[in-house]
Amino acid sequence: MEIELSPQIKIVPIQPEDADFLIDLMHKVYKDTYQDFWKDGGEWYSQLIYNTSNIHKELKRVRSHYFFVEVEGEKVGILKYDYPFSPRETEIPNAMKLHRLYLSPKVHGKGIAAVLMKHIETVASDNDLDWIWLEAMDAKPQAKRFYEKNDYQIAHTYVLDFENLKPEYREIHIMKKKVPKRP
7 MEIELSPQIK
17 IVPIQPEDAD
27 FLIDLMHKVY
37 KDTYQDFWKD
47 GGEWYSQLIY
57 NTSNIHKELK
67 RVRSHYFFVE
77 VEGEKVGILK
87 YDYPFSPRET
97 EIPNAMKLHR
107 LYLSPKVHGK
117 GIAAVLMKHI
127 ETVASDNDLD
137 WIWLEAMDAK
147 PQAKRFYEKN
157 DYQIAHTYVL
167 DFENLKPEYR
177 EIHIMKKKVP
187 KRP
């Protein structure tokens with residue numbers, strides 16, 4: 007069942023039969039944004055995450071909620087959140103992970119990510135979760151600023167050990183936000 011977030015923006019649950027479309031979309035969207043971070047242009051990571059087997063595995067997880075983001079009827083990215091889910095690296099109990107939020111560069115700066123962030127806050131609040139957390143690469147300062155503007159704070163920093171990831175891009179922050187309670 008699709009969820010309308012605004013007259014122009016909706017999220018549509020990804021189904022197993024959508025795997026090929028998701029793979030094609032994300033090979034483009036992910037690489038458009040992160041290809042310079044990888045020795046191979048992001049091919050290894052794209053193949054690791056966006057392959058039919060992994061997508062079907064992720065869709066079967068009860069805690070995972072995986073959507074296409076549509077703007078004016080066009081699929082322009084994805085939103086995935088998991089709950090309850092806490093990180094191994096630091097203690098963030100009773101939490102939701104904003105696992106993936108990728109949007110095509112052609113829709114950046116149009117307020118879409120802010121609408122999606124509001125949606126996950128509502129879901130977290132409706133499910134009596136205390137925290138939302140995410141991982142943000144230090145080498146993407148605009149993303150980090152966006153999350154800080156939305157009241158996320160760094161809870162932990164570590165280094166990714168992906169061999170194909172260029173060393174200067176390996177630092178990643180776990181950021182968290184207390185879920186606003188609705189009156």
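So the sequence shown is numbered by the working numbering: it starts at 7 and just counts up by one. Even for Gly, the Cβ is constructed at its ideal location relative to N, Cα and C.
- Per DSSP, the beta bridge partners of S70 are D88.
- Membership of V113 in any beta strand (DSSP E) is not indicated, and neither H nor E is assigned to it by DSSP.
- For the pair S110 and K187, the CB atoms are not nearer than the 8 Å cut-off.
- Bridge partners of L171 according to DSSP: W44.
- Membership of I126 in the alpha helix (DSSP H) is indicated by the continuous run 118-132.
- The count of Cβ pairs closer than 8 Å, one atom from the segment 7-17 and one from the segment 39-48, stays below three, leaving the stretches out of contact.
- In the structure shown, M32 falls within a helical segment according to DSSP collapsed to helix, strand and coil.
- Annotation for I180: the continuous beta strand (DSSP E) segment containing it runs 177-184.
- In the structure shown, the three-state DSSP call for A101 is strand.
- Within the model, the alpha-carbon separation for H125 versus L140 is close to 15 Å.
- Inclusion of K172 and K81 in the CB contact set at 8 Å is not warranted, their separation being larger than that value.
- DSSP places A145 in no alpha helix (DSSP H); its state is neither H nor E.
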